[in-house]
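The numbering of the sequence shown is my numbering, which starts it at 392 and goes up by one.
Structure record follows, encoded as structure tokens.
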Amino acid sequence: MSADQQSPDDSAQAATPWGRVAEDGTVYVRTAEGERSVGSYEAGTPAEALEFFTKRFEELEGKVHLLEQRVASGRLAPEEATSSSKALREQVVDAHAVGDLVSLAARLDALAPVIAVQRSARKEERAQKTAESKAEKEKLVAEAERLAESSDWRNGANRLRELLSTWKELPRLDRATDDALWRRFSTARTTYTRHRKAHFAEEHERRDSARVVKERLVKEAEAISASTEWGPTAGKYRDLMREWKAAGPAPREVDDQLWQRFRGAQDTFFGARDAANAALDEEFTANAEVKDAILVEAEALVPVTDLDAAKKAFRDLADRWDAAGKVPRDRMKDLEGRMRSVEQAIRAVEDEQWSRSDPEKSARADDMIGKLEAGIAETQARLDKATAAGDARKAKDLEGELANKQAFLDMAKKAAADFS
Numbered sequence: 392m393s394a395d396q397q398s399p400d401d402s403a404q405a406a407t408p409w410g411r412v413a414e415d416g417t418v419y420v421r422t423a424e425g426e427r428s429v430g431s432y433e434a435g436t437p438a439e440a441l442e443f444f445t446k447r448f449e450e451l452e453g454k455v456h457l458l459e460q461r462v463a464s465g466r467l468a469p470e471e472a473t474s475s476s477k478a479l480r481e482q483v484v485d486a487h488a489v490g491d492l493v494s495l496a497a498r499l500d501a502l503a504p505v506i507a508v509q510r511s512a513r514k515e516e517r518a519q520k521t522a523e524s525k526a527e528k529e530k531l532v533a534e535a536e537r538l539a540e541s542s543d544w545r546n547g548a549n550r551l552r553e554l555l556s557t558w559k560e561l562p563r564l565d566r567a568t569d570d571a572l573w574r575r576f577s578t579a580r581t582t583y584t585r586h587r588k589a590h591f592a593e594e595h596e597r598r599d600s601a602r603v604v605k606e607r608l609v610k611e612a613e614a615i616s617a618s619t620e621w622g623p624t625a626g627k628y629r630d631l632m633r634e635w636k637a638a639g640p641a642p643r644e645v646d647d648q649l650w651q652r653f654r655g656a657q658d659t660f661f662g663a664r665d666a667a668n669a670a671l672d673e674e675f676t677a678n679a680e681v682k683d684a685i686l687v688e689a690e691a692l693v694p695v696t697d698l699d700a701a702k703k704a705f706r707d708l709a710d711r712w713d714a715a716g717k718v719p720r721d722r723m724k725d726l727e728g729r730m731r732s733v734e735q736a737i738r739a740v741e742d743e744q745w746s747r748s749d750p751e752k753s754a755r756a757d758d759m760i761g762k763l764e765a766g767i768a769e770t771q772a773r774l775d776k777a778t779a780a781g782d783a784r785k786a787k788d789l790e791g792e793l794a795n796k797q798a799f800l801d802m803a804k805k806a807a808a809d810f811s
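Below is the structure:
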């Protein structure tokens, strides 16, 4: 059908508010600047031509709508949103489509301030995250540097691994800041590792030295385990034990084995000594019974009423005590203590009597009495003179002095009476 033969319906559909189809088949779109040719459609009717180019517009409109949704949701980065909006706007401006291209372009232009707000928010968010990341990395660096100066060899290495894992999860900072912090963090890790290796190397050396010492101590302990010189050998074992403790730990795989041998040698010796002592204790039980009987007689001497008789009786008891012989070790302290208490009680009475009859002390007491009596007579004369002269103040002082000397004289006479 030619253009002259178009039906009334086709003519009505050959134009819309946004475009038209010319008689030669050229399709135009209406814009603010006027009409613009967007193509031709000779394969069908004008209505079909308009429908074809209108669908192109609808496709563009769909793209704009999708971009608006993605921008509104915030899922699209501002840079990508700006790029997509710019590219889509170029498509809209030069689109070979029929529709309200001006409004479509305006919708794209309206996204610019929204994207700007999002860009600003993203910038602030990045700045905040950067600040938080910097603060967190500074904390990690500070902790790593503290560990580098510590001697926490058991937990330090694990903690540094945790710090490194945390570091990797944090956002990067600007290159200069990030590199500077990383250098400090890495240096701290390297320092700690170097110190840790040096520590364990020294410890390994110490453990090897301890192993040599303990092997020698084990041989010495085993060599004397059969000795029957109980006192000297027990002292030797005490010396060996002090050396063992001072040596420190040997390598773990041999330390327990060496200790078992060392302890076994001690157990052999002290077991034999205990068995020998037990046999002696059994033998000495009868002696203890004899000494118990002697103690009954000795303790009956206290309190002492006749010193000479008590001394003679105690000497006899002491001779019998020595003749009774040794007692079991667990009884020795009690028995000896009780006998010593009786001896001390008798000696205390003897000392008391001696102190009372000491001629030197008696002579000193008599001399003191003579001097005090002479002093009292002199003071009394001075007091009489002051009283006669009417010197009340001096007389009062002399009365006090006289009273003091009289008190000393009374004590001296009492002491002299004790020596008489």
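A virtual CB, placed ideally from N, CA and C, is assigned to each residue, including glycine.
Since the model is a prediction, treat every value here as computed from it, not as a measurement.
May I ask which residues mark the beginning and end of the beta strand (DSSP E) holding residue i?
i, result
"E426", "G425 to S431"
"V489", "Premise fails: V489 is in no beta strand (DSSP E) and is neither H nor E."
If you follow the alpha helix (DSSP H) that residue i is part of, which residue opens it and which one closes it?
i, result
"T417", "Unbroken run through T417 is the beta strand (DSSP E), T417 to T422; no alpha helix (DSSP H)."
"V604", "R566 to A614"
"R466", "Here R466 belongs to no alpha helix (DSSP H), and DSSP marks it neither H nor E."
"L554", "G547 to E560"
"P623", "W621 to A638"
Roughly how many angstroms lie between the CA atoms of residue i and residue j, to the nearest whole one?
i, j, result
"K559", "R597", "38 Å"
"Q519", "E644", "55 Å"
"D742", "A798", "28 Å"
"I760", "A803", "6 Å"
"P562", "A522", "10 Å"
"N795", "R720", "60 Å"
"V484", "L564", "41 Å"
"A592", "R545", "15 Å"
"D826", "L692", "Outside the displayed range of the chain (392 to 811) lies residue 826, so it cannot be described from this structure."
"S556", "N549", "11 Å"
"A808", "E764", "16 Å"
"V604", "Y628", "15 Å"
"D569", "L457", "39 Å"
"D757", "K805", "11 Å"
"A709", "A666", "31 Å"
"A669", "G716", "16 Å"
"A638", "R575", "39 Å"
"L531", "E606", "46 Å"
"L789", "K762", "18 Å"
"A423", "P504", "23 Å"
"A535", "A526", "14 Å"
"K682", "L726", "7 Å"
"R633", "G626", "11 Å"
"T770", "R755", "22 Å"
"S428", "G490", "13 Å"
"H586", "A539", "8 Å"
"D647", "A612", "16 Å"
"D699", "K636", "58 Å"
"T473", "I506", "7 Å"
"D543", "H595", "17 Å"
Helix, strand or coil for residue i per DSSP?
i, result
"G766", "helix"
"T407", "strand"
"A739", "helix"
Is any heavy atom in the ligand MG found nearer than 7 Å to the beta carbon of residue i?
i, result
"E536", "No copy of the ligand MG appears in this structure; indeed no ligand is present at all."
Which whole-angstrom value is the C-beta distance of residue i and residue j, which I expect to be below 8 Å?
i, j, result
"A656", "S618", "No, A656 and S618 are not in contact; Cβ-Cβ is about 11 Å, not under 8 Å."
"L349", "L451", "The question about residue 349 has no answer here: the residues shown for the chain are numbered 392 through 811."
"G425", "V418", "That belief does not hold up - the Cβ atoms of G425 and V418 are roughly 15 Å apart, past 8 Å."
"A440", "G416", "7 Å"
"P640", "A601", "6 Å"
"V609", "F653", "5 Å"
"A772", "A786", "Not quite, the Cβ-Cβ distance comes to about 12 Å (not below 8 Å), so this is no contact."
"A736", "V695", "7 Å"
"V462", "L499", "With a Cβ gap of about 10 Å, V462 and L499 do not count as contacting."
Taking 8 Å as the threshold (beta carbon to beta carbon), is residue i in contact with chain C?
i, result
"D742", "The structure shown has no chain C; it contains just one protein chain."
Can you give, in chain order, each stretch of the alpha helix (DSSP H) that sits fully within the region 659-723 and has at least 4 residues?
698-715
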